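What follows is a single structure, written as structure tokens, with notes after it.
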Amino acid sequence: MKKAKSIKEIAELAGVSTATVSRVINQNGRFSQETEARVRSIIAQNDYVPNMTAKGLRTNRTRVIGIMVPDITNPHFSSIVLKLEMNLFRRGYSCLICNTNENADLEKKHVQSLTAQNVSGIVMISSTRNYAELGALPVVYLDRPSRSGGNSGVMIESDNVMGGYLATRELLNAGCRKVVILKCLSNDTNQTARYEGFCQALMEKGISEEEALCVNLREISIVAARKATLELLDAKSVFDGVMCTTDTVAAGVVIALRERGLQVPHDVLVTGFDDCQLAAVCGPGLTSVRQNVDEMARLAAELLLKMIHGERPGSVYYRLPVSVTVRDSTRRGMGSTPAPLHTTVPEQKDAAGPESPEHFD
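Heads up: take any position in the sequence shown, counting from 1, add 182, and you land on the working numbering.
Below, the structure written as structure tokens:
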């Protein structure tokens, strides 16, 4: 049996107008649940895919969303992109994924390419500045704000200050008093916020920050974190805990410690940030700050589509709560606590935060 290849043929089979089929596909306008079910059933039976190129020519917009990501190999970002793509696909949109490699020039070229292709909107996970090319195009800044400020888009991020505080408190409550932080302040504002939380936790315990234990990495990578940790060990730095601003960094720390014959958590305790798949498989299991990636992606898709349809979001800034997933990297045994070394506590437990994001107009 020949399958329908046009919206007109779908409409004839469903016994409705082409306008009704269009409204069902685009989810805009009024139609009964019975009509929607009948139209969608016929679309599925015929494997019908709307001609988005033709639609784009008519409306000067395509049902395509651009997603800008700083490092697609990072498990945290790849998880966000996957969830975003799934949310948008269910709403009839496809995605163009652009990896910037943390490079401002490449990011600008991607922005120019996406706008030239008349995408309906952009989710910016990586952003170094505002772009005149975006004009009135709907934009959601996800996980990272635009560095230059003053943008007209919507911002969604986790409570990074609280995350840095919780991760450091986990180490301090386990007995650590000489805590290293590995961060990359040149990378993004999230790193600065997590560092702020680190300082708050130390202050709360009456512990002074030690400049030698505050390490600023050139980049967020396993290689950079491993190198920095080995340099600390070779310099005979005294520490018993390491707070890492990402799980990727924590993996590099664990590798370096292992190379020097040190055990996590017996000799050194380690925390990460993101609670991605890497945290569950790294070393003894990594205690890590959990970001709600599912909610982040759902909210980003919802707000972006509202803007695409001409609606004004309820807020321009959303801050999502975080929690800590405790694993063995901060669980010492029942024996005596080792003194800080010249380096120098299987079951998952969530210390959940509030469930709803904070909204700021």
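All C-beta atoms in this analysis are idealised placements derived from N, C-alpha and C, irrespective of residue type, glycine included.
Quantities reported herein were computed from a predicted structural model and do not represent experimental measurements.
Query                                                                                                                   : Result
At least three beta-carbon pairs within less than 8 Å, the segment 342 to 351 to the segment 480 to 492                 : no
ILE570, enclosing beta strand (DSSP E) - first and last residue                                                         : What is shown of the chain runs 183 to 543, which leaves residue 570 out entirely.
Any alpha helix (DSSP H) of 4 or more consecutive residues that is wholly inside the segment 331 to 362                 : 342 to 355
VAL527 versus GLU378: straight-line alpha-carbon distance, rounded                                                      : Confidence at VAL527 is low in this model, with a pLDDT of 29, below 50, so the placement of that residue should be treated as unreliable; the coordinate-derived value is given next. Taking the straight line joining both Cα atoms gives about 23 Å.
Delimiting residues of the beta strand (DSSP E) encompassing THR512                                                     : First-last for THR512: undefined, no H or E at that position.
ILE389 versus TYR499 - alpha carbon distance                                                                            : 33 Å
Residues of its chain near ALA461, where Cβ-Cβ distance is below 6 Å and the 5 sequence neighbours each way are ignored : ASP429, GLY454, LEU468, SER470
HIS524 versus GLU352: straight-line alpha-carbon distance, rounded                                                      : Summary for HIS524: the model assigns pLDDT 39, below 50, so the residue's position carries little reliability, and this model does not support an answer.
With 16 other Cβ atoms within 10 Å as the buried cut-off, status of GLU216                                              : exposed
Where LYS360 falls, given that 16 or more other Cβ within 10 Å makes a residue buried                                   : buried
Between the CA atoms of ASP229 and PRO503 - distance to the nearest angstrom                                            : 41 Å
Rounded separation between GLN227 and ALA201 - CA only                                                                  : 20 Å
Nearest neighbour of LYS290, chosen from VAL251, ASP325, GLY274 [CA to CA]                                              : VAL251
Opening and closing residue of the alpha helix (DSSP H) in which ILE222 lies                                            : At residue 222 the sequence reads Arg, which differs from the Ile that was named. 215 to 227 is the extent of the alpha helix (DSSP H) around ARG222.
Spatial distance of MET425 from ILE363 (CA atoms)                                                                       : 5 Å
Within 8 Å, strictly: CB atoms of ALA432 and VAL450                                                                     : no
The beta strand (DSSP E) enclosing SER276, as first and last residue numbers                                            : 276 to 281
Cβ neighbour criterion (16 or more within 10 Å) applied to PHE271                                                       : exposed
Nearest residue (CA-CA) to VAL246, options ALA479, ILE279, LEU316                                                       : ILE279
Distance, ILE207 Cα to ASN355 Cα                                                                                        : 54 Å
SER470 in three-state terms, based on DSSP                                                                              : strand
Assigned exposure category for LYS365 - 16 Cβ within 10 Å defines buried                                                : buried
Beta-carbon proximity of VAL301 to LEU324, cut-off 8 Å                                                                  : no
Straight-line Cα distance separating ALA410 from ILE437                                                                 : 11 Å
Inter-residue spacing [alpha-carbon to alpha-carbon] between ASN256 and CYS396                                          : 23 Å
Own chain partners of GLY198 with C-beta closer than 7 Å, once the 5 adjacent residues on each side are dropped         : Note that residue 198 corresponds to Val in the displayed sequence, not to Gly. Once the five neighbours on either side are set aside, the close Cβ partners of VAL198 are THR217, VAL221.
Best match in GLY317, MET385, VAL405, ARG472 for proximity to VAL508 [C-alpha to C-alpha]                               : ARG472
Neighbourhood of MET516 by C-beta distance below 8 Å, restricted to the same chain and skipping five residues each side : Any reading at MET516 needs caution, since the residue's pLDDT is 35, under 50, leaving its predicted position unreliable; the model's value is listed next. Counting only Cβ-Cβ distances below 8 Å, and skipping sequence neighbours, we find nothing.
Of the residues PHE380, ASP416, GLY434, the one placed nearest LEU399, counting alpha carbons only                      : GLY434
Alpha helix (DSSP H) segment containing TYR377, residue limits                                                          : 371 to 386
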